[in-house]
Structure formats: structure tokens, C-alpha cells
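Participant: If you want this note's numbering, it's the 1-based position in the sequence shown plus 8.
Ideal Cβ placement from N, Cα and C applies to all residues, glycine included.
Quantities reported herein were computed from a predicted structural model and do not represent experimental measurements.
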Amino acid sequence: MPALDSETWRQLLLDARTHNGWIDQPVDDALLRRLYELARMGPTAMNSQPVRLVFVRSREAKERLRPTLAAGNVDKTMAAPVTAIVAYDTEFYVKLAKLAPHLPDAGKRIGGMEPDARRRMGLLSATLQGGYIILAARGLGLDCGPMGGFDADKVDAEFFPDGAWKSIYLLNLGHGDPAKLRPRAPRLDFDEACRIV
């Protein structure tokens with residue numbers, strides 16, 4: 009597999025930024041569908057694909073989201089063209105018959121696991137998928153503003169009342185306003201964060 013060119017790396021990671029301000033430009037359904045089609049192709053444990061997304065776009069839906077947000081996230085979320093609730097399905101293993109046909113007893117086996125181990129498996133794979141979603145969005149020309157500043161219990165009660173889906177983080181999507189970017193914060197050097205053993 010060939011390495012990506014430097015322009016692609018700049019778009020995906022090097023020049024991409026977390027956006028807090030947005031240009032008033034809509035994001036259409038076709039682009040959101042394409043975003044999911046790309047992101048779903050990344051690897052997950054046993055191809056379990058536990059991520060679930062709710063694209064909050066309408067004014068009414070944004071108002072339902074508003075009371076769940078930390079104060080510092082209200083204005084930027086209300087202004088974003090779309091806010092994705094990135095969640096995971098606690099019953100993800102039910103779909104393993106379709107997703108892992110090479111492992112015919114996988115759903116039963118995972119369903120019978122200790123609940124904390126099953127939760128960890130679903131949450132880990134869905135969180136990986138959340139990263140793929142950000143990269144896919146950037147690859148499609150969208151800017152992203154991921155956030156953890158919200159009340160997950162309130163989001164889950166409002167948007168997932170049956171209790172099967174659980175929110176992980178919120179992701180504002182659209183075309184960012186570069187005038188509202190802060191200076192890029194430092195990153196850890198290799199020797200501070202990595203070991204080769």
C-alpha cells in the first residue's frame with residue numbers, strides 16, 4: 009500500500025484543527041451518508057461496528073441538545089451546521105451474525121460475556137470508529153469540533169430513551185471559520201509519549 013502524499017496528511021492531521029466557529033454553510037444528507045460509508049470501513053473487534061450516530065441538524069433537535077451542553081459548548085454547537093452524537097450500541101453483539109459470518113457463535117459468545125468486558129469491547133471499537141469519523145469528515149472537506157463537555161446521561165435520556173445506545177462524545181461538523189481558531193496547542197514529543205522495546 010503506498011504512503012499518502014504530504015497534502016493529504018496536511019488535510020487529515022497536520023493542518024486540520026478543532027473548530028469552534030462556523031461559516032453558515034449547510035451540510036447535506038448525501039455528504040453525511042458518504043461520511044458514514046467511509047468511516048464504517050475501519051477495523052473494529054470482530055467487525056462488530058458498534059458505533060451509532062445521530063446527526064442533529066434541525067433547530068428543534070438542536071434545542072433538545074442545548075440543555076445537555078456545558079456552558080462553553082452551547083454557542084458553538086448551536087451555530088454548527090450539524091452536531092453528531094457519537095454513541096455505541098450496548099447490544100452490538102446482536103448484529104454479529106451479519107457482521108461476522110465467519111464466526112457463527114460470536115453473538116452468543118459476546119452476549120454471554122461478563123457485562124463490563126462486553127461494554128469495554130463495544131466502547132473501545134466505537135471509540136475507534138469515532139476517530140475514523142473525524143478523519144473521513146476531514147477527507148470529505150468538512151471541519152470538526154469534537155467535544156466531551158456535555159451531560160451524557162441527559163443526552164442518552166433525550167435521544168436514546170430505550171437505553172441501548174450510549175453517547176461517547178459530540179462532534180460538530182461543517183465548514184469552520186478560520187478567524188475563530190486559537191493558536192495550535194503543543195504536542196508531546198516522541199520520547200515523552202512512546203517507547204520502543
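What do you get for Ala88, buried or exposed, if any count of 16 or more other CB atoms within 10 angstroms of its CB means buried?
Facilitator: Buried.
Participant: Tell me the residue span of the beta strand (DSSP E) that contains Met155.
Facilitator: Asp151 to Met155
Participant: In whole angstroms, give me the CA-to-CA distance for Trp17 and Arg25.
Facilitator: 13 Å
Participant: Is the stretch 45-53 close to the stretch 180-188, with three or more CB pairs under 8 Å?
Facilitator: Because the criterion of three Cβ pairs below 8 Å is not met, the stretch 45-53 and the stretch 180-188 do not touch.
Participant: Just grab the DSSP bridge partners of Lys174 for me.
Facilitator: Tyr96
Participant: Rounding to the nearest angstrom, what Cα-Cα distance links Gln57 and Ser133 in this structure?
Facilitator: 7 Å
Participant: With a threshold of 6 Å on Cβ separation, who are the neighbours of Gly130 within its own chain once the five nearest residues in sequence on each side are excluded?
Facilitator: Pro58, Tyr96 and Phe100
Participant: Tell me which residue opens and which closes the beta strand (DSSP E) that Asn60 is part of.
Facilitator: Contrary to the premise, residue 60 reads as Arg rather than Asn in this sequence. Note, Arg60: beta strand (DSSP E), Val59 to Val64.
Participant: Where DSSP assigns a beta bridge to Asn180, which residues make up the other side?
Facilitator: Thr91 and Gly153, per the DSSP bridge assignment.
Participant: Taking the CB atoms as reference points, tell me whether Gly182 and Val35 lie closer together than 8 Å.
Facilitator: yes
Participant: According to DSSP, simplified to helix, strand and coil, what is Thr52?
Facilitator: coil
Participant: Please tell me whether Ile176 and Val94 are closer than 8 Å, where the distance is taken between their beta carbons.
Facilitator: yes
Participant: Would a C-beta distance cut-off of 8 Å place Thr91 and Leu150 closer than the cut-off?
Facilitator: no
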